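Numbering (our numbering), first residue to last: 518 to 790. What follows is a set of notes on a single structure, which appears directly below.
Next comes the structure, spelled out in structure tokens:
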């Protein structure tokens, strides 16, 4: 029934997705330098995505086994559809998921990381400037939300093929070189094979960006109001103080938990596409 279908989407894999969402949310928040795209940064500020790329490489390497475990738990292993929603199926997947290697396809993940961030950042800034010039009286929050959605769509054009290749390695479909995996996917499905699940990935990534970044901004402001003294800017105006690294990580993880709960079904659909 409907309950079994919902259980099949959410149960057994949610904890791993939440943990991965925690890591990614902290990664996004720190790479943003505490200033999300939802809030316009000063034009002379250092590019937050590029400045966080080195740290992201280290975080990606450390968190990659979690992503591998998540992917393997989400993949059905050839059994009939109704069986996939049972606890026994989750148990079998758990056994399979814990088998090494835990870093397969990491090359595709690194190939995905920096270009995706650059595409997102460049598209976001360009679209926001276009909207500001075209409709100067438009609501700024609406402009930033629209810019985020457009940027997520553009970034997914690059990230989806990388995700497809990465998932094939994590599932054990391919175990040799990245080049051979790309050739095999193209031979089997053509270029469209690299965009399997694009819609599901976009449905996952766009709200993930919005919820993590805007959720972090909201919780950061509430935290600063409650626990931090106000400080003065260069013009002498009072503003909220900035939380330190540990509160920032905690707030980012909290926003990631919320985003993880709401986007988890799309992550499953993306993996199983």
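Where a beta carbon is used, it is the ideal one built from N, C-alpha and C, also for glycine. Quick caveat, the model's predicted, so the values are computed rather than measured.
Cβ-Cβ separation, residue j to residue i (assumed contact under 8 Å), whole Å
{"i": "residue 751", "j": "residue 758", "result": "With a Cβ gap of about 15 Å, residue 751 and residue 758 do not count as contacting."}
{"i": "residue 671", "j": "residue 640", "result": "4 Å"}
{"i": "residue 737", "j": "residue 760", "result": "6 Å"}
{"i": "residue 714", "j": "residue 786", "result": "7 Å"}
{"i": "residue 769", "j": "residue 733", "result": "6 Å"}
{"i": "residue 711", "j": "residue 662", "result": "28 Å between Cβ atoms; not a contact."}
Residue j beta carbon less than 8 Å from that of residue i
{"i": "residue 793", "j": "residue 664", "result": "The question about residue 793 has no answer here: the residues shown for the chain are numbered 518 through 790."}
{"i": "residue 723", "j": "residue 779", "result": "no"}
{"i": "residue 589", "j": "residue 606", "result": "no"}
{"i": "residue 784", "j": "residue 721", "result": "yes"}
{"i": "residue 581", "j": "residue 623", "result": "yes"}
{"i": "residue 718", "j": "residue 621", "result": "no"}
{"i": "residue 679", "j": "residue 628", "result": "yes"}
Option nearest residue i by Cα separation, candidates the options
{"i": "residue 709", "options": "581, 790, 654 and 615", "result": "790"}
{"i": "residue 716", "options": "741, 669 and 580", "result": "669"}
{"i": "residue 577", "options": "610, 655, 630 and 612", "result": "630"}
{"i": "residue 586", "options": "767, 634, 689 and 700", "result": "689"}
{"i": "residue 609", "options": "618, 619 and 591", "result": "591"}
{"i": "residue 635", "options": "754, 755, 675 and 695", "result": "675"}
{"i": "residue 579", "options": "735, 612, 619 and 593", "result": "619"}
Bridge-paired residues (DSSP) for residue i
{"i": "residue 749", "result": "755"}
Proximity test, residue i beta-carbon vs the ligand MN heavy atom, cut-off 7 Å
{"i": "residue 651", "result": "The model on display carries no ligand, and the ligand MN is accordingly not part of it."}
For the structure I just gave you, are there three or more beta carbon pairs, one from the stretch 763-781 and one from the stretch 723-730, closer than 8 Å?
yes
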